[in-house]
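Residue 222 in full-length UniProt numbering sits at position 222 of the sequence shown, with consecutive numbering throughout.
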Amino acid sequence: MAATTKILLVPVATIGCGKTTTAQTLVNVAPHVFGSVANDDMPSGASGRRRFFRTGLNELVEHNVVILDKNNHQYRERTMVFDEVAKHRADFLSDDVRLKVICLSFVKGSPREPTLWKTTTTRVIERGDNHQSIKANKDGPGVVYRIMGGFAKRFEPIDKMKKPDNLFDLVIQLEVEGDSSLRNARKILRVLSERFPEVVSMYPSDEEWKQAFTKALNYTPDHTKLIRKRAGAQTTSRKENNVS
């Protein structure tokens, strides 16, 4: 029997890069192909980490491609991806499945590069409280800059010459500027179709892309993951009303 190929897409990003909008656009344009699991939907700590990866692998049972929606902005987080997938994959995927782990690199250099920093901070502030982990309206721009600055300071860009980044089967370089999430989603689908036609073989129309992107922009998660301003710790709660 021929081996089956499945794909995990692993973003390397910082806040405001559009990874969730990109992911939801792909899910909307091809729900039978793409699935997505959000780290912000999981509780903090080891139990949440375990649930995140196990949920992602379980999604591969029904989908050919699953996006692990998390920033993965440090080497240790990317190492964790490979470690956790290796630990749990046998519970969900048979030995004849070829699993490809592909990086979606949203940030090539420093998140504090002036144009990129302006784009990402503006996005988060304009989004107001419609974000799972940053409430710009409630907390104000100062808190937004402080939280995003912390992420930017800790950010470690992809380095394909060293572990764990040299373990990715492929790195797809994306862009962050203006309305780039739709272009990024289209590029991801195009690259996957070219490299893995047995996994992804579809060509949505411009209208289908437009509808998928519009729906993604209106996406409202049903969890809130709050970042405590001083400790930097996170807590997760399900919103009683579907308001972000």
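Don't be surprised by glycine CBs; every beta carbon is placed ideally from N, CA and C.
Note that the structure is predicted; figures quoted are calculated from it, not measured.
Measure the C-alpha to C-alpha separation of GLN74 and PRO204 and round it to an integer number of angstroms.
Within the sequence shown, the letter at position 74 stands for residue 74. Within the sequence shown, the letter at position 204 stands for residue 204. Each residue's CA atom was taken as its position, placing GLN74 and PRO204 some 34 Å apart.
Practice item. In angstroms with no decimal places, state the Cα-to-Cα distance between ALA13 and VAL200. Key: Stepping through the sequence shown from its first residue, residue 13 is reached at position 13. Stepping through the sequence shown from its first residue, residue 200 is reached at position 200. For the pair ALA13 and VAL200, the Cα-to-Cα distance works out to about 24 Å.
Closest residue to PRO111 among PHE34, LYS87, ARG154 (Cα-Cα distance): Position 111 of the sequence shown, counted from the start, is the residue given in the question as residue 111. Comparing Cα positions, the closest option is ARG154.
Problem set entry | C-alpha distance - PRO43 paired with ASN71, whole-angstrom precision | For the purposes of this step, residue 43 is taken as the residue at position 43 of the sequence shown. For the purposes of this step, residue 71 is taken as the residue at position 71 of the sequence shown. The straight-line gap from Cα to Cα measures roughly 16 Å.
Would you kindly check if the distance between the Cβ of LEU93 and the Cβ of LEU57 is under 8 Å?
Taking the sequence shown and counting its residues from 1, one reaches residue 57 at position 57. Taking the sequence shown and counting its residues from 1, one reaches residue 93 at position 93. LEU57 is a Cβ neighbour of LEU93, given a cutoff of 8 Å.
### Query
Taking the continuous beta strand (DSSP E) assigned at ARG98, which residues delimit it?
Locating residue 98 in the sequence shown gives position 98, where the first residue counts as 1. Residues 97 to 105.
**OP:** Identify which residue in GLU177, ILE188, ALA90 has its Cα closest to the Cα of GLU113.
**Re:** Taking the first residue of the sequence shown as 1, we reach residue 113 at position 113. Taking only the C-alpha atoms, the option nearest GLU113 is GLU177.
Item checked: PHE151: first and last residue of the uninterrupted beta strand (DSSP E) it sits in -> What you label residue 151 is simply residue 151 of the sequence shown in a count that begins at 1. Annotation for PHE151: no beta strand (DSSP E) segment contains it, though the alpha helix (DSSP H) segment containing it runs 141 to 154.
Start and end of the beta strand (DSSP E) containing GLN173? The count along the sequence shown starts at 1 and reaches residue 173 at position 173. From DSSP, the beta strand (DSSP E) with GLN173 extends over 170 to 173.
So, helix, strand or coil for ASP83, using DSSP?
Along the sequence shown, read from residue 1 onward, the residue named residue 83 stands at position 83. Under the three-state reduction of DSSP output, ASP83 falls in the helix class.
Requested in this report: Find the nearest neighbour of HIS88 within the set ARG54, VAL61, GLU59, GLY109, judged by alpha-carbon distance.
Outcome: Indexing the sequence shown from 1 puts residue 88 at position 88. Nearest option by C-alpha distance: ARG54.
Cβ separation of PRO11 and THR79, assumed to be a contact under 8 Å, to the nearest whole Å: Taking the first residue of the sequence shown as 1, we reach residue 11 at position 11. Taking the first residue of the sequence shown as 1, we reach residue 79 at position 79. The beta-carbon separation of PRO11 and THR79, rounded to 15 Å, does not stay under the 8 Å limit for a contact.
**Prompt:** Taking Cβ to Cβ, would you say VAL27 is nearer than 8 Å to GLY35?
**Reply:** Along the sequence shown, read from residue 1 onward, the residue named residue 27 stands at position 27. Along the sequence shown, read from residue 1 onward, the residue named residue 35 stands at position 35. Yes, the pair counts as a contact, with Cβ atoms nearer than the cut-off.
- request: With a cut-off of 8 Å on the beta carbons, I'd call LYS160 and LEU99 a contact; round off their distance for me.
  value: Counting from 1 along the sequence shown, the entry for residue 160 is found at position 160. Counting from 1 along the sequence shown, the entry for residue 99 is found at position 99. That pair is no contact at about 19 Å.
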